[in-house]
Amino acid sequence: MQKDLRKFCNNQLLVSPSILAADFANLADNIAEVAQAGADMLHLDVMDGHFVPNISFGVPVIKAIRSKSDLLFDTHLMISHPLQYIEAFAKAGADHITFHLECDDDPIAVINKIRELGATVGISVKPATPFKKVKDLIPLCDMVLVMSVEPGFGGQSFMHEVLGKTKEIRDYITANKLATHLQIDGGIDGNTVEYAVKSGANIMVAGTAVFKHKLGMKEAIKELKCAEKDLYL
Ligand code: DX5
Ligand code: ZN
């Protein structure tokens, strides 16, 4: 299993299933099944009940599943103060750490801290945050995460209005010959994936569409990967 995001190409369609939609009582089994089904990495949604109006899980859960999985841990911190917790997440086994531009800490300090600890860096923007706010930080990051729902809950509907921004970010990555990945998160399924890839996203986060697919996880991932032909590069 590849645990360094930089070893993947940013013109490759990758699937990062979010365990937020998994069965928490059988988490280790669900994770083994999703790896077997073809997941490229595992998306871990950390929520603090402050940055977002929901609480999910944190360091102890990540530490516990680390011993059960070789997948790249793609950690999405929806927390107000990432700076003071990054070390704990990195030590628990987070290979990649994405934080929100809208958090209360200085983005440059957060980026430097993540790098210092040897993890790859992602920066995430909420649906209303425009391209111009994140632009200058893109070259410093291994991934940009565009939220296609308001962060906080799984199972919401895809917001098509983020597609213009997604395209602006991809155009910037291409024009500047950057290796930065472009991830999209929220409401991604067999239908919406096409819009996401056509706008330049290459890493699809999907919770409900993978863990609750009526034909199982393998079919779910296959369905998402079908959109590879539509990649906008
Ligand atoms: C939302 C989370 C997402 C969410 C995606 O705040 O960041 O990762 O789990 O769930 P679905 O795929 O169900 O929209
Ligand atoms: Zn997420």
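Residue numbers for the sequence shown follow my numbering, so the first one is 846 and each next one is one higher.
Glycine included, C-beta positions come from ideal geometry on N, C-alpha and C.
CA nearest to the CA of residue i, picked from the options
| i | options | result |
| --- | --- | --- |
| residue 907 | 881, 873, 1043 | 873 |
| residue 1032 | 1047, 1024, 1055 | 1055 |
| residue 1013 | 848, 977, 982 | 977 |
| residue 1022 | 1002, 983, 884, 928 | 983 |
| residue 887 | 1045, 870, 860, 895 | 860 |
| residue 927 | 955, 962, 935, 905 | 955 |
| residue 1060 | 953, 951, 882 | 882 |
| residue 879 | 932, 963, 1062, 995 | 1062 |
| residue 851 | 960, 893, 946 | 960 |
| residue 848 | 884, 1027, 865 | 884 |
| residue 1035 | 925, 1067, 893, 950 | 1067 |
| residue 949 | 1002, 957, 924, 958 | 924 |
| residue 853 | 1075, 1048, 1058, 1057 | 1048 |
Cβ pair residue i, residue j closer than 8 Å
| i | j | result |
| --- | --- | --- |
| residue 1133 | residue 999 | As shown, the chain starts at 846 and ends at 1078. That puts residue 1133 outside it, with no answer to give. |
| residue 1029 | residue 1041 | yes |
| residue 863 | residue 1050 | yes |
| residue 997 | residue 897 | yes |
| residue 1017 | residue 980 | yes |
| residue 846 | residue 919 | no |
| residue 1024 | residue 855 | yes |
| residue 824 | residue 1077 | It is not possible to answer for residue 824, since the shown part of the chain is limited to 846 through 1078. |
| residue 1080 | residue 937 | Given a span of 846 to 1078 for the chain in the structure shown, any question on residue 1080 remains unanswerable. |
| residue 932 | residue 889 | no |
| residue 1070 | residue 858 | yes |
| residue 1065 | residue 1039 | no |
| residue 994 | residue 1001 | yes |
heavy atom of the ligand DX5 below 7 Å from residue i C-beta
| i | result |
| --- | --- |
| residue 886 | no |
| residue 996 | yes |
| residue 1001 | yes |
| residue 890 | yes |
| residue 1005 | no |
| residue 967 | no |
| residue 1033 | yes |
| residue 973 | no |
| residue 1037 | no |
| residue 939 | no |
| residue 1054 | yes |
| residue 866 | yes |
Short CB-CB distance (under 8 Å) between residue i and chain D
| i | result |
| --- | --- |
| residue 1015 | Given the protein chain composition of this structure (a single chain), no chain D is represented. |
Residue i CB to nearest heavy atom of the ligand ZN below 7 Å
| i | result |
| --- | --- |
| residue 863 | yes |
| residue 1050 | yes |
| residue 1058 | no |
| residue 895 | no |
| residue 1030 | yes |
| residue 921 | yes |
Beta bridge counterpart(s) of residue i as assigned by DSSP
| i | result |
| --- | --- |
| residue 901 | BP columns for residue 901 are empty, so no partner. |
| residue 1079 | With the chain running from 846 to 1078 in the structure shown, residue 1079 is simply not present. |
| residue 861 | 1050 |
| residue 920 | 889, 942 |
| residue 1026 | 988 |
### Message
Does the contact criterion of 3 or more C-beta pairs under 8 Å hold for the region 927-942 versus the region 971-980?
### Response
Contact between the region 927-942 and the region 971-980 is absent, with fewer than three C-beta pairs closer than 8 Å.
### Stretch-stretch touch, CB-based, cutoff 8 Å, three pairs: the region 978-995 with the region 951-970
When C-beta atoms of the region 978-995 are compared with those of the region 951-970, three or more pairs fall below 8 Å, so the two segments count as touching.
### Query
So, do the region 1000-1009 and the region 907-924 have three or more beta carbon pairs nearer to each other than 8 Å?
Flag = no, the region 1000-1009 and the region 907-924 do not touch.
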